[in-house]
Amino acid sequence: FTTTCCLICGTLNADRFFNLENEANPEVWMNISEIITYNGYPSEEYDVTTQDGYILSVNRIPHGRRGAPSPGPRPVVYLQHALFADNASWLENYANGSLGFLLADAGYDVWMGNSRGNTWSRRHRTLSVTEEKFWAFSFDEMAKYDLPAIVDLIVNKTGQEKLYFIGHSLGTTIGFVAFSTMPELAQRIKMNFALGPVVSFKYPTGIFTSFFLLPNSIIKGIFGTKGVFLKTGKEPALKICNNKILWVICSEFMSLWAGYDKKNMNMSRMDVYMSHAPTGSSMQNILHIKQLYRSDEFRAYDWGSEAENMHHYNQSRPPLYDLTAMKVPTAMWAGGHDVLVTFRDVARVIPQIRNLQYFDLLPDWNHFDFIWGLDAPQRVYSKIIALMKSYS
1 FTTTCCLICG
11 TLNADRFFNL
21 ENEANPEVWM
31 NISEIITYNG
41 YPSEEYDVTT
51 QDGYILSVNR
61 IPHGRRGAPS
71 PGPRPVVYLQ
81 HALFADNASW
91 LENYANGSLG
101 FLLADAGYDV
111 WMGNSRGNTW
121 SRRHRTLSVT
131 EEKFWAFSFD
141 EMAKYDLPAI
151 VDLIVNKTGQ
161 EKLYFIGHSL
171 GTTIGFVAFS
181 TMPELAQRIK
191 MNFALGPVVS
201 FKYPTGIFTS
211 FFLLPNSIIK
221 GIFGTKGVFL
231 KTGKEPALKI
241 CNNKILWVIC
251 SEFMSLWAGY
261 DKKNMNMSRM
271 DVYMSHAPTG
281 SSMQNILHIK
291 QLYRSDEFRA
301 YDWGSEAENM
311 HHYNQSRPPL
321 YDLTAMKVPT
331 AMWAGGHDVL
341 VTFRDVARVI
351 PQIRNLQYFD
361 LLPDWNHFDF
371 IWGLDAPQRV
381 YSKIIALMKS
391 YS
């Protein structure tokens with residue numbers, strides 16, 4: 001082990017690996033708008049302020065790269081990223097393999113929202129990121145405040161009252177919470193597409209399993225009580241992930257999180273994937289996910305005492321989220337090699353989705369294949385577009 005560590009450290013410090021800017025894929029050093037324009041697509045960027053004061057960055061691809069948009073409004077689709085991700089996750093493969101670009105070329109007006117706390121949405125009207133109060137949020141607030149604010153922005157800018165929603169991982173959780181608790185918002189959704197849906201979280205087998213067995217005090221002692229995985233620089237990950245010899249380290253690390261399906265990942269894009277993640281979230285969000293795992297219940301965040309819960313919910317325990325109340329037409333996909341959101345967990349959710357229009361289990365897929373899989377355009381994205389056309 002010591003010898004291996006020394007070899008890796010020596011490689012990282014070697015001069016021939018130090019000039020990363022010349023060796024890395026150009027998207028490594030780009031922000032989201034730059035990635036869009038680099039690939040030849042029109043890009044727009046907006047700020048939207050939520051009811052509770054968070055300032056979120058929203059990206060738009062109004063049409064494809066084949067030329068000016070056709071007359072008349074284009075159908076709108078909104079994409080919601082996963083935990084520790086940002087809007088780049090929809091754009092990180094080549095244009096013919098990235099869902100955001102494929103949807104734009106298929107005739108859709110594509111919108112993507114960065115959740116509070118990530119690299120691009122780490123702002124507030126009155127709070128500083130150094131304040132603990134800034135980080136007092138979880139996916140509850142993302143569903144209650146972020147998503148409605150972004151949907152309002154989209155409706156105001158496009159003039160269209162209804163849109164499609166696509167979520168990956170925790171992005172699906174945000175949608176499920178919002179659409180089951182806010183009927184007015186749910187009425188604006190033509191169809192809900194859930195990729196690797198996180199609702200039941202009883203059977204994960206990846207690295208999160210051992211992590212969630214730790215007491216909260218130890219987790220907070222390691223990561224602090226505010227933001228988690230707040231990315232400060234790209235170089236450490238890139239020195240490994242941009243090196244063909246050390247690609248295996250990156251792929252093994254990602255497999256611990258998501259499951260094994262290495263043959264379905266473009267290893268030459270590994271530096272792009274790792275340079276845009278993790279993008280940060282709150283400790284409270286992590287603890288809320290841990291509560292799903294430990295309690296086996298889909299509830300709002302437990303503030304830790306009856307008094308605090310009474311203050312926030314007017315009841316001693318956090319309210320349960322009732323998925324059976326969601327009426328939005330829904331399509332879901334699960335991966336058979338997904339160790340984060342296992343098929344056992346997804347199977348428990350299926351009976352609760354009263355308007356489930358489509359479900360598919362991809363036996364060989366892991367959790368990242370939904371955004372990075374080489375065969376995702378053929379196996380999932382084409383079906384999404386077909387379903388969107390049928391629910392137009």
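Following the UniProt record's numbering, the numbering of the sequence shown begins with 1 at its first residue and continues without gaps. By construction, the Cβ of each residue, glycine as well, lies at the ideal position given by its N, Cα and C atoms. No experiment lies behind these values; they were computed from the predicted model shown.
Looking at the DSSP output, Ala334 bridges to Leu361.
Each residue's CA atom was taken as its position, placing Leu387 and Gln357 some 9 Å apart. Per DSSP, reduced to three states, the secondary structure at Met112 is strand.
Under the criterion of beta carbons closer than 8 Å, Phe84 and Ser282 do not qualify as touching, at roughly 11 Å.
By the C-beta criterion, the region 166 to 173 is judged to be in contact with the region 72 to 80, since at least 3 inter-stretch pairs fall below 8 Å. Taking C-alpha positions only, Ala106 is separated from Trp333 by approximately 21 Å.
A straight-line Cα-Cα distance of about 47 Å links Glu306 and Ser43. In the three-state reduction of the DSSP assignment, Asp369 falls in the helix class, which pools H, G and I. In the three-state reduction of the DSSP assignment, Tyr321 falls in the coil class.
By the 16-neighbour rule on beta-carbons within 10 angstroms, Ser316 is exposed. For Lys389, the enclosing alpha helix (DSSP H) stretches over residues 382 to 390. Less than 8 Å divides the Cβ of Gly206 from the Cβ of Trp257. A contact between stretches requires three or more CB pairs, one per stretch, nearer than 8 Å, and the region 285 to 297 meets this requirement with the region 209 to 227.
Listed in chain order, the beta strand (DSSP E) runs fully inside the UniProt domain "Partial AB-hydrolase lipase" (32 to 93) are 44 to 49, 54 to 61, 76 to 80, counting runs of at least 3 residues. About 15 Å separates the CB atoms of Ser98 and Trp111; that is not less than 8 Å, and the two are not in contact. Taken in chain order, the complete beta strand (DSSP E) segments of 3 residues or longer contained in the region 174 to 211 are 189 to 195.
By the neighbour-count definition (other C-beta atoms within 10 Å, threshold 16), Trp120 is a buried residue.
Straight through space, the alpha carbons of Arg122 and Thr342 are spaced by roughly 31 Å. The beta-carbon separation of Leu361 and Arg379, rounded to 11 Å, does not stay under the 8 Å limit for a contact. Residue pairing by DSSP places Ser282 opposite Gly227 in a beta bridge. Inter-residue distance for Tyr203 and Leu340 is about 8 Å (C-alpha atoms, whole angstroms). Under the three-state reduction of DSSP, Tyr313 is assigned to helix. Across the structure, Phe212 and Ser295 are spaced so that their CA atoms are roughly 12 Å apart.
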